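A.B. asks: Mind looking over this structure? Questions follow.
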Amino acid sequence: MGSATILTLRALLALSLIGSLWVQLLVLPALWGDLATVPIGLRVTVIMILALWLVCLQVVALCIWRLVSMAAADAVFSAGAFRFVDAVIGAIAVAAILTGVLATLMAPGPAAPGVVGIVYGAALATGGVALVVVVMRSLLRKAIEMRSELDEVV
């Protein structure tokens with residue numbers, strides 16, 4: 370992987386982390402105030418879902434940062450990479466579930482059915498991303514096996 374690619378990816382990851390922290394510190398408290406007329410239980414649940422979703426994003430960004438560092442050091446084809454890939458899969462799966470729960474909470478309320486459908490669609494798409502990463506994990510496993518075989522031959 371080229372140094373320009375690594376630098377660009379790290380910059381984007383840093384921006385996503387800074388942006389998510391900004392949302393956690395400034396936007397979620399403002400949203401809490403905007404939801405003043407919503408029953409307290411629902412209000413807490415919505416804010417917690419959004420905060421946990423942001424934590425999932427942060428976990429993914431940090432794990433990708435670590436995987437990029439491993440790739441830059443030519444160490445990504447090792448068993449140590451699996452813990453970061455597994456954490457990415459888990460965080461994306463949790464985000465998909467949280468998105469589905471949010472859509473379910475929106476369904477009986479004043480939200481337009483189309484908006485609820487879009488949020489359910491986002492939950493399905495997010496779950497699909499988790500499955501894509503599962504496939505990529507299996508490709509990583511195969512690449513590690515092939516590299517080990519090649520090392521034995523050489």
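Position 6, counted from 1, in the sequence shown is what the working numbering calls 375; the numbers after and before it change by one each time, with no gaps. Even glycine gets a Cβ: it sits at the ideal position worked out from N, Cα and C. All of these numbers come straight from a predicted model, not from anything done at the bench.
By the three-class DSSP mapping on this structure, what secondary structure does F451 have?
C.D. replies: Helix at F451.
A.B. asks: Quick check on DSSP: helix, strand or coil for G388?
C.D. replies: Helix.
A.B. asks: Per DSSP, what kind of secondary structure is A430 in: helix, strand or coil?
C.D. replies: helix
A.B. asks: Can we say the segment 474-483 touches the segment 447-459, given the rule of at least three CB pairs closer than 8 angstroms?
C.D. replies: no
A.B. asks: Taking 7 angstroms as the threshold (beta carbon to beta carbon), is R516 in contact with chain D?
C.D. replies: The structure shown contains no chain D; it is built from a single protein chain.
A.B. asks: Taking the beta carbon of A465 as the centre, do at least 16 other beta carbons fall within 10 Å, making it buried, or is it exposed?
C.D. replies: buried
A.B. asks: Let me confirm a value: W391 is counted as buried when at least 16 other C-beta atoms fall within 10 Å, else exposed. Which label applies?
C.D. replies: Under this definition W391 is an exposed residue.
A.B. asks: My guess is that T495 and I458 are in contact by the Cβ rule of under 8 angstroms, so how many angstroms apart are they, rounded?
C.D. replies: Contact flag wrong, Cβ pair sits at about 12 angstroms.
A.B. asks: Do I416 and L394 have their C-beta atoms closer together than 7 angstroms?
C.D. replies: Cβ distance not < 7 angstroms, so I416 and L394 don't count as in contact.
A.B. asks: Less than 7 angstroms separating the beta-carbons of L419 and S389?
C.D. replies: Taking a C-beta distance under 7 angstroms as the contact criterion, L419 and S389 do not qualify as a contact pair.
A.B. asks: Return the first residue and the last residue of the alpha helix (DSSP H) that D443 is part of.
C.D. replies: Premise fails: D443 is in no alpha helix (DSSP H) and is neither H nor E.
A.B. asks: Taking 7 angstroms as the cut-off, decide whether the C-beta atoms of A499 and G469 are in contact.
C.D. replies: Judged by beta-carbon spacing, G469 lies beyond the 7 angstroms limit of A499, meaning their Cβ atoms are not closer than that value.
A.B. asks: Taking the alpha helix (DSSP H) that A481 belongs to, which residues open and close that run?
C.D. replies: From DSSP, A481 is part of no alpha helix (DSSP H); its letter is neither H nor E.
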